[in-house]
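Asker: Pasting a structure here, questions to come.
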Amino acid sequence: MKTSFELVAEFRETQGKGASRRLRHDGKVPAILYGGHLAARALTLSHQKLLIMLENERFYSTILSLKVGEETQAAILKDVQRHPFRNAIVHIDFQRVEENEKIRISIPLHFKGEAIAPGVKSQGGLVSHMRTEVEVSCLPRDLPEFIEVDISGLSLNESIHLSQLTMPAGVQLVDLAKEDAAVVAIHSPRAEEPEPTAADAAPVAEGAAAAPAAAGAATAAAATAAPGGDAAKKAEAGKKAEPAKKEEAKKEPAKKDAKK
Numbered sequence: 000m001k002t003s004f005e006l007v008a009e010f011r012e013t014q015g016k017g018a019s020r021r022l023r024h025d026g027k028v029p030a031i032l033y034g035g036h037l038a039a040r041a042l043t044l045s046h047q048k049l050l051i052m053l054e055n056e057r058f059y060s061t062i063l064s065l066k067v068g069e070e071t072q073a074a075i076l077k078d079v080q081r082h083p084f085r086n087a088i089v090h091i092d093f094q095r096v097e098e099n100e101k102i103r104i105s106i107p108l109h110f111k112g113e114a115i116a117p118g119v120k121s122q123g124g125l126v127s128h129m130r131t132e133v134e135v136s137c138l139p140r141d142l143p144e145f146i147e148v149d150i151s152g153l154s155l156n157e158s159i160h161l162s163q164l165t166m167p168a169g170v171q172l173v174d175l176a177k178e179d180a181a182v183v184a185i186h187s188p189r190a191e192e193p194e195p196t197a198a199d200a201a202p203v204a205e206g207a208a209a210a211p212a213a214a215g216a217a218t219a220a221a222a223t224a225a226p227g228g229d230a231a232k233k234a235e236a237g238k239k240a241e242p243a244k245k246e247e248a249k250k251e252p253a254k255k256d257a258k259k
């Protein structure tokens, strides 16, 4: 069985949050190894060496060699828990690998032919990657390092789905059992909105200037028409004075006759 990376680990007997915190303070990473019809074992690894290995893409998709004392165990990486904001590994999980038992693991997709695809080269499209990896099931000896996806023949608005991927012998797609999802496509670029010109901006400025004037006129009209305004008060006073004037006009002839 071919392995790509060798990790030196140690068994750990103490477990719990306090013990794990002390390990991290000492530059160690708590880990666990399970599977292979054996009991799970708690391990510790060097944090610095692990960080360096995790920068390599192949570390996530190949068979690893875990060396603990005099024992060596083939394993695959199953989970990595990272600190939310620091470049630190909180915990890591490994699964034992048996030569005659199938494993399930995520494999990266490598795309080629993007520059010469008709949808990009002559039709001005953009490549959109819906997936960068797929989960496969196979025996350890059949495990590929990556799956190659050739998009050199794609035109605009065309895509490649999971069922169209070329899989090596003995390798099955686990994701295909769920749905035949798209992996990559070429689509038209989004049209950019034109920038406003001076001619477009002029009506807006005029409208903005006219708005305060209209608002002032409306305020004046409202004040004039309001029941408590000066015009309303004058009109009301005129109405009250009108009967008094008529009464005075009736009394005027009587005063003249009395003088005679």
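FYI, in numbering that gives the first Met the number 0 the residues of the sequence shown are 0 to 259. Glycine included, C-beta positions come from ideal geometry on N, C-alpha and C.
1. With a 10 Å radius around its C-beta and 16 neighbouring C-beta atoms as the bar for buried, classify residue 266 as buried or exposed.
2. Write down the C-beta distance between residue 94 and residue 75 rounded to the nearest angstrom, noting that I regard them as a contact closer than 8 Å.
3. Would the segment 126-142 and the segment 161-181 be scored as touching if the rule is three or more Cβ pairs under 8 Å?
4. Using the three-state DSSP reduction, which class does residue 39 fall into: helix, strand or coil?
5. State the Cα-Cα distance for the pair residue 158 and residue 44, rounded to the nearest angstrom.
6. Rounded to the nearest angstrom, what separates residue 127 and residue 170 at their Cα positions?
7. Less than 8 Å between the beta carbons of residue 125 and residue 66, yes or no?
8. With DSSP as the reference, please indicate the residues paired to residue 65 in a beta bridge.
9. Assign residue 118 to one of three DSSP states: helix, strand, or coil.
10. Considering Cα atoms alone, identify which of 28, 188, 168 and 183 is closest to residue 151.
11. Using the Cβ count rule (16 or more neighbours within 10 Å means buried), how would you classify residue 263?
12. Are there 16 or more other CB atoms within 10 angstroms of the CB of residue 88, so buried, or fewer, so exposed?
13. State the DSSP-derived secondary structure class of residue 19, mapped to helix, strand or coil.
14. Take residue 34 and list the residues in its own chain whose beta-carbon comes closer than 6 Å to its own, dropping the five residues that flank it on each side.
15. Can you round the beta-carbon distance between residue 118 and residue 154 to whole angstroms, since I take them to be within the 8 Å contact cut?
16. Suppose contacts are defined by Cβ-Cβ distances below 8 Å. Is residue 143 in contact with residue 104 by that definition?
17. Assuming residue 63 and residue 101 form a contact by the criterion Cβ under 8 Å, report the distance between their Cβ atoms to the nearest whole angstrom.
18. Answer with buried or exposed for residue 221, where buried requires no fewer than 16 other C-beta atoms within 10 angstroms of its C-beta.
Answerer: Let me spell this out:
1. Residue 266 cannot be examined here, being either before or after the span of the chain that is shown, 0 to 259.
2. Within the sequence shown, the letter at position 95 stands for residue 94. Within the sequence shown, the letter at position 76 stands for residue 75. Going by Cβ atoms, the distance from residue 94 to residue 75 rounds to 5 Å, so yes, they are a contact pair.
3. yes
4. As a working note, residue 39 is residue 40 in the sequence shown. In this structure, residue 39 counts as strand in the three-state DSSP scheme.
5. One-based indexing of the sequence shown puts residue 158 at position 159. One-based indexing of the sequence shown puts residue 44 at position 45. Computed Cα separation, rounded: 43 Å.
6. Counting from 1 along the sequence shown, the entry for residue 127 is found at position 128. Counting from 1 along the sequence shown, the entry for residue 170 is found at position 171. In a straight line, the C-alpha of residue 127 is about 26 Å away from that of residue 170.
7. Here residue 125 refers to the residue found at position 126 when the sequence shown is read from its first residue. Here residue 66 refers to the residue found at position 67 when the sequence shown is read from its first residue. Not a contact, by the Cβ cut-off of 8 Å.
8. The residue you call residue 65 lines up with position 66 of the sequence shown. Paired residue(s): 6 and 72.
9. Counting from one through the sequence shown, the residue named residue 118 turns up at place 119. Helix at residue 118.
10. What you label residue 151 is simply residue 152 of the sequence shown in a count that begins at 1. Of 28, 188, 168 and 183, the residue nearest in Cα terms is 183.
11. Residue 263 falls outside the range modelled here, since the chain spans only 0 to 259, and no answer is possible.
12. The sequence position of residue 88 within the sequence shown is 89, counting from 1. With 16 or more Cβ atoms within 10 Å of its Cβ, residue 88 is classed as buried.
13. Position 20 of the sequence shown, counting from 1, holds the residue named residue 19. Annotated three-state conformation of residue 19 is helix, per DSSP.
14. Indexing the sequence shown from 1 puts residue 34 at position 35. Same-chain partners within the cutoff: 94 and 95.
15. As a position in the sequence shown, residue 118 is number 119, starting the count at 1. As a position in the sequence shown, residue 154 is number 155, starting the count at 1. The Cβ separation is near 5 Å, so the contact holds.
16. Stepping through the sequence shown from its first residue, residue 143 is reached at position 144. Stepping through the sequence shown from its first residue, residue 104 is reached at position 105. No, the Cβ-Cβ distance between residue 143 and residue 104 is not below 8 Å.
17. Position 64 of the sequence shown, counted from the first residue, corresponds to residue 63. Position 102 of the sequence shown, counted from the first residue, corresponds to residue 101. Going by Cβ atoms, the distance from residue 63 to residue 101 rounds to 17 Å, so no, they are not a contact pair.
18. Position 222 of the sequence shown, counted from the start, is the residue given in the question as residue 221. Confidence in residue 221 is poor, its pLDDT being 47 and thus under 50, which makes the residue's placement too unreliable to answer from.
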